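Residue numbers (the working numbering): 981 to 1443.
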Ligand code: PMP
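Written out as structure tokens, the structure is:
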């Protein structure tokens, strides 16, 4: 077997790369990242790229924080692995749970530690069922999420996601998964509808969905505070308060999925703070270690945790864990991350950067390819359109390429020529750089983005 030959093969070789067009991947070399420093990454050709998507919304501290690396190295030297399960665990997992407890907006929080956001969400779904079985309400197992949302890649967390293309591709959703509209203010409002009226309509839809399903069969509601997955849509005023009121009335639990929004993106540790959310459960991942090691967490309130104990009284062992839950290296890196957030005053740093990022996002509203702009925390988004240049190439990409509209696809390619990555989701471009980005780097990000938009517009107009 000639390894050299394999390595120089075109395309992705034997590696299966998800969220990709695999037909195209057969012939095209993927972007292969080999190095990272600060907010920049470099590919195998040495091209330097400003990563304004923090990889997959993970790299809060960028790509070269030696303190996180050292924490991993220390833990690998001391105890590289032990599982958390069967009434055994590791010291750093215990410590991580204690450190998180006072930081989350959940009373008497209990923390389960996993590796991926999907597992964290999946456990929350499984937990809701377990609790309702223990309460003698096994029929209460339906879960409501929102169209266009994404909550993970396991079969249950994918079923919870609201991407119609994903539903079609994987024969989802499964029974017991229900969907309501994704808030999209102001674009989603009827002509003349006020923000309050729009929110009222969404809340009425939620209420009707619960009524139609039978309130006694609905276990939970799951939402990102700000929907990154479907293109970055901050909630309209009053939305989550309205949701909470309906859920409370029907005894339905609320899972706040902060896999992306948590860990500083809003200038607060959790987006629940600035948005005034009152969740019963939270899922966390990505930023917990800046992505350096896969760590996630499901947080549940003390009141909910009691049901786990009562369930154990009824049937003995609580039969859920994963082999790598509470992984010591992950826990050590996550502890170091929390220490750095405090030591570096990371949240204050983020708050200081927010005005200039917002200014730059709003300045792009004048660009011919931009139909709308949104900004919240250290993130923003552009809705891309060709309407202002005559509607050329508008609509979905040929062949119904999943989750990527035609303009977004062109911009995604052209941006790389300018040494920039922002996340393209359909015809939305989402900007969420590492939280450590400096002012001059924000300027550079938007210089590159505007140049890329100009090139994409020129290409579209050429036809
Ligand atoms: N929830 C949200 C909101 C996410 O964006 C993601 C991942 N993009 C997940 C859950 C799943 O996390 P993971 O990919 O780590 O399994």
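Glycine is no exception: its CB is placed at the ideal position from the N, C-alpha and C atoms. This structure is a prediction, so every number in the text was calculated from the model and none was measured.
message: I'd like the list of long-range same chain contacts for residue 1271, defined as Cβ closer than 7 Å, with 5 residues on each side in sequence excluded.
response: Against the chain shown, residue 1271 aligns to sequence position 291. So the list reads 1035, 1038 and 1039, once near-sequence residues are dropped.
- prompt: DSSP puts residue 1366 in a beta bridge; with which residues?
  reply: On the chain shown, residue 1366 is found 386 positions in, with the first residue counted as 1. Note: residue 1366 sits in no beta bridge, so no partner.
message: With the cut-off set at 7 Å, would you say residue 1312 and residue 1269 are in Cβ contact?
response: Residue mapping note: residue 1312 aligns to position 332 of the chain shown, counting from 1. Residue mapping note: residue 1269 aligns to position 289 of the chain shown, counting from 1. No, Cβ-Cβ distance for residue 1312 and residue 1269 is not below 7 Å.
message: If I follow the unbroken beta strand (DSSP E) through residue 1015, where does it start and stop?
response: Numbered from its first residue, the chain shown carries residue 1015 at position 35. Run containing residue 1015: 1013-1017, per the beta strand (DSSP E) assignment.
query: Exposed or buried, residue 1098, counting other C-beta atoms within 10 Å across all chains shown (16 or more means buried)?
result: For the purposes of this step, residue 1098 is taken as residue 118 along the chain shown, with counting starting at 1. Buried, by the Cβ-count rule.
- prompt: With 16 other CB atoms within 10 Å as the buried threshold, where does residue 1445 fall?
  reply: Outside the shown range of the chain (981 to 1443) lies residue 1445, about which nothing can therefore be said.
- request: Return yes when the C-beta of residue 1307 is under 6 Å from any heavy atom of ligand 1, and no when it is not.
  value: As a first step, residue 1307 is located in the chain shown; it is residue number 327 there, counting from the start. Because no heavy atom of ligand 1 lies under 6 Å away, the Cβ of residue 1307 does not count as near it: no.
- request: Consider the C-beta atom of residue 1240 and the heavy atoms of ligand 1; say whether any pair is separated by less than 6 Å.
  value: The count along the chain shown starts at 1 and reaches residue 1240 at position 260. True, at least one ligand heavy atom lies under 6 Å from that Cβ.
- prompt: Just to confirm, are residue 1363 and residue 1372 a CB contact at a threshold of 7 Å?
  reply: For this step, residue 1363 is matched to residue 383 along the chain shown. For this step, residue 1372 is matched to residue 392 along the chain shown. Between residue 1363 and residue 1372, the CB-CB gap reaches or exceeds 7 Å.
Close beta carbons around residue 1411, own chain, < 6 Å, minus the five adjacent residues each side: In the chain shown, the residue the question calls residue 1411 occupies position 431. Take residue 1411, set aside five residues on each side of it, and the residues of its chain with a beta-carbon closer than 6 Å to its own are 1032, 1360 and 1402, in chain order.
query: Hey, residue 1114 and residue 1392: beta-carbon distance below 7 Å or not?
result: Numbered from 1 along the chain shown, position 134 holds the residue referred to as residue 1114. Numbered from 1 along the chain shown, position 412 holds the residue referred to as residue 1392. No; because the gap between Cβ atoms is not below 7 Å, this pair is not in contact.
query: Going along the chain, which residues of its own chain have a beta-carbon closer than 7 Å to the beta-carbon of residue 1139, five neighbours each way excluded?
result: The residue labelled residue 1139 in the question sits at position 159 within the chain shown. A distance below 7 Å between beta-carbons, with the five flanking residues on each side excluded, links residue 1139 to the following residues of its chain, in chain order: 1152, 1153, 1154 and 1157.
field: Proximity to residue 1453 [Cα-Cα], best of 1108, 1332, 1324 and 1211
entry: Examination of residue 1453 is not possible in this model, given that the chain is present from 981 through 1443 alone.
- request: Check whether the Cβ of residue 1128 lies closer than 6 Å to any heavy atom of ligand 3, and answer yes or no.
  value: The model depicted lacks ligand 3 and carries ligand 1 instead.
message: Using a Cβ-based criterion (distance less than 6 Å to any ligand heavy atom), does residue 1131 qualify as near ligand 1?
response: On the chain shown, residue 1131 is found 151 positions in, with the first residue counted as 1. Relative to ligand 1, the nearest heavy atom lies less than 6 Å away from the CB of residue 1131.
message: Measuring only the C-alpha atoms, how far is residue 1406 from residue 1296?
response: Stepping through the chain shown from its first residue, residue 1406 is reached at position 426. Stepping through the chain shown from its first residue, residue 1296 is reached at position 316. When rounded, the distance between both Cα atoms is 48 Å.
message: Do residue 1217 and residue 1175 have their beta-carbon atoms positioned less than 7 Å apart in this structure?
response: Position 195 of the chain shown, counting from 1, holds the residue named residue 1175. Position 237 of the chain shown, counting from 1, holds the residue named residue 1217. The answer is yes: Cβ separation under 7 Å.
message: Please state the DSSP three-state secondary structure of residue 1090.
response: Here residue 1090 refers to the residue found at position 110 of the chain shown. DSSP places residue 1090 in strand when its eight states are reduced to three.
- request: Round the Cβ separation of residue 1263 and residue 1087 to the nearest angstrom and send it over; I've been treating them as touching at under 8 Å.
  value: Taking the chain shown and counting its residues from 1, one reaches residue 1263 at position 283. Taking the chain shown and counting its residues from 1, one reaches residue 1087 at position 107. Between residue 1087 and residue 1263 the Cβ distance is about 17 Å, and since that is not below 8 Å, they are no contact.
- request: State buried or exposed for residue 1441, treating a residue as buried only when at least 16 other CB atoms are found within 10 Å of its CB.
  value: Along the chain shown, read from residue 1 onward, the residue named residue 1441 stands at position 461. Exposed: under 16 other Cβ atoms inside 10 Å.
task: Please classify residue 1279: is it buried, with 16 or more other beta-carbons within 10 angstroms of its beta-carbon, or exposed?
output: In the chain shown, counting from the first residue as 1, residue 1279 sits at position 299. Under this definition residue 1279 is a buried residue.
query: In this structure, does DSSP put residue 995 in helix, strand or coil?
result: If you number the chain shown from 1, residue 995 lands on position 15. Annotated three-state conformation of residue 995 is coil, per DSSP.
query: How many angstroms separate the CA atom of residue 1209 from the CA atom of residue 1141?
result: Locating residue 1209 in the chain shown gives position 229, counting from the first residue. Locating residue 1141 in the chain shown gives position 161, counting from the first residue. When rounded, the distance between both Cα atoms is 9 Å.
- prompt: If residue 1162 and residue 1121 are in contact, beta carbons under 8 Å, what's the gap, nearest whole angstrom?
  reply: The residue you call residue 1162 lines up with position 182 of the chain shown. The residue you call residue 1121 lines up with position 141 of the chain shown. The Cβ separation is near 23 Å, so there is no contact.
field: DSSP three-state assignment for residue 930, whether helix, strand or coil
entry: Since the first and last residues shown for the chain are 981 and 1443, residue 930 lies out of range.
query: Would the beta-carbon of residue 1273 fall within 7 Å of that of residue 1310?
result: Translated into the one-based positions of the chain shown, residue 1273 becomes position 293. Translated into the one-based positions of the chain shown, residue 1310 becomes position 330. Yes, Cβ-Cβ distance for residue 1273 and residue 1310 is below 7 Å.
Runs of alpha helix (DSSP H) wholly within the region 1184-1252 (minimum 4 residues, chain order): 1219-1230
- prompt: How far does the beta strand (DSSP E) with residue 1028 in it reach, from first residue to last?
  reply: Numbered from 1 along the chain shown, position 48 holds the residue referred to as residue 1028. Segment 1028-1031, the beta strand (DSSP E) holding residue 1028.
task: Could you tell me whether the region 1230-1249 touches the region 1329-1344, using the rule of 3 or more Cβ pairs below 8 Å?
output: Taking 8 Å as the limit for Cβ pairs, the verdict is that the region 1329-1344 does touch the region 1230-1249.
query: Less than 7 Å separating the beta-carbons of residue 1200 and residue 1235?
result: Looking up residue 1200 in the chain shown gives position 220. Looking up residue 1235 in the chain shown gives position 255. Cβ atoms of residue 1200 and residue 1235: closer than 7 Å.
- prompt: Is DSSP giving residue 1157 helix, strand or coil here?
  reply: Sequence index remark: in the chain shown, residue 1157 carries index 177 (1-based). Strand.
message: Taking DSSP's pairing of strands, which residues face residue 1433 in a bridge?
response: Translated into the one-based positions of the chain shown, residue 1433 becomes position 453. None; residue 1433 has no bridge partner.
For residue 1103, the three-state DSSP class (helix, strand or coil): Numbered from 1 along the chain shown, position 123 holds the residue referred to as residue 1103. The answer is helix: DSSP assigns residue 1103 an H, G or I state.
- prompt: Around the Cβ of residue 1137, are there at least 16 other Cβ atoms within 10 angstroms (buried) or fewer (exposed)?
  reply: Position 157 of the chain shown holds residue 1137. By the neighbour-count rule (16 or more Cβ atoms within 10 Å), residue 1137 is buried.
query: Which word fits residue 1207, buried or exposed, when buried means at least 16 other C-beta atoms lie within 10 angstroms of its C-beta?
result: Numbered from its first residue, the chain shown carries residue 1207 at position 227. Residue 1207 comes out buried.
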